[in-house]
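Notes to accompany the following structure.
Numbering (this note's numbering), first residue to last: 2 to 324.
Shown next as structure tokens:
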């Protein structure tokens, strides 16, 4: 394995943040850490980067211990690169100088680092921007500069700390797809922290869902969505319906319609009262309160809150999950 976390533990301000986290990344693999605020994903990323030291456990890269009981390698000696949430571009430097900065610190010659900086800017669509200042660029262009800076450094591992969170939805999608292409072209090992499920599922080879300092499940995006192991993952990824804490049903598999007079619950059918309907482009996502709890499904029409509705589904779509 290229990068390996073994039983990582970390306590901050007296509270356990990471509880024996183990995770491996193969060379050229992109893994996303996905979870709610406070789940420990950013703390784990900072330990991998070297900004924090683990209290227990071991971090290894290429067989070398970077963080353990008897060894610690500082960030500058790890050869990793990070795209920060706040970009961290130097405002007094030109775009080209920002992109070439890590190479300058490593002692790369001026002509070589300038050539690599120009190539990195070309790859992110910013040819000709090398002499401009970051403050003269749009938010999306500044994000491209941050990505170019990380790629130009030719990192052993690329770390991404919610790099698209400040961008609008359209631009976020464009840069997400572009970054995925660049990471795959370079065969980079990448660890990506995000709370955006769509981003995690689209960008990563595997996704690790974190909860309360532990990894709840790590799997491919498709398996994570279609075959969640726990009720938490089922509800968190894609908002599946969870019944009795032990069975899940994707909301796409549920069709909601108006209730008929005298109609009761049956196999694959649950009645309830509409609690809300949200237009999603090709129809509505409808929430209803049933005897089994809140259900969500799809409908071609919207319903007013309080309307009597029925959720229908094929029972074969039910999947067992752990509580």
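Beta carbons: idealized from backbone N, C-alpha and C, even for Gly.
To which residues does DSSP link residue i through a beta bridge?
i           : result
residue 17  : 12
residue 112 : Note: residue 112 sits in no beta bridge, so no partner.
residue 132 : BP columns for residue 132 are empty, so no partner.
residue 249 : 243, 320
residue 215 : 212
residue 68  : 60, 73
residue 176 : Looking at the DSSP assignment, residue 176 forms no beta bridge with any residue, so it has no partner.
residue 40  : According to DSSP, residue 40 bridges with nothing at all.
residue 25  : 5
For residue i versus residue j, is the C-beta distance shorter than 9 Å?
i           : j           : result
residue 85  : residue 162 : yes
residue 33  : residue 205 : yes
residue 246 : residue 228 : no
residue 256 : residue 264 : no
residue 5   : residue 25  : yes
residue 94  : residue 134 : yes
residue 14  : residue 58  : no
Who are the Cβ neighbours of residue i in its own chain at under 8 Å, not counting the five residues just before and after it?
i           : result
residue 120 : 153
residue 156 : 80, 81, 82, 189
residue 168 : 140, 141, 144, 176
Here's the rule I'm using: 16 or more other beta-carbon atoms within 10 Å means buried, otherwise exposed. How should residue i be labelled?
i           : result
residue 298 : buried
residue 28  : exposed
residue 238 : buried
residue 52  : exposed
residue 280 : exposed
residue 129 : exposed
residue 217 : buried
residue 289 : buried
residue 164 : buried
Contact defined as beta carbons within less than 8 Å: I believe residue i pairs with residue j. What is the distance between those atoms, to the nearest angstrom?
i           : j           : result
residue 310 : residue 275 : 5 Å
residue 251 : residue 318 : 7 Å
residue 249 : residue 323 : With 8 Å as the limit, residue 249 and residue 323 do not qualify as a contact, their Cβ atoms being about 10 Å apart.
residue 131 : residue 97  : 3 Å
residue 202 : residue 208 : 7 Å
Using a Cβ-Cβ cut-off of 7 Å (strictly less than) and excluding sequence neighbours within five positions of residue i, which residues of its own chain qualify?
i           : result
residue 88  : 143, 144, 147
residue 118 : 97, 100, 101, 131, 153
residue 194 : 34, 42, 43, 46, 161, 162, 163
Less than 6 Å between C-beta atoms, sequence neighbours within five positions excluded: which residues of the same chain meet that for residue i?
i           : result
residue 127 : 145
residue 189 : 159
Looking at the ligand MN, does it come within less than 8 Å of residue i, judged from the CB to the closest heavy atom?
i           : result
residue 297 : No copy of the ligand MN appears in this structure; indeed no ligand is present at all.
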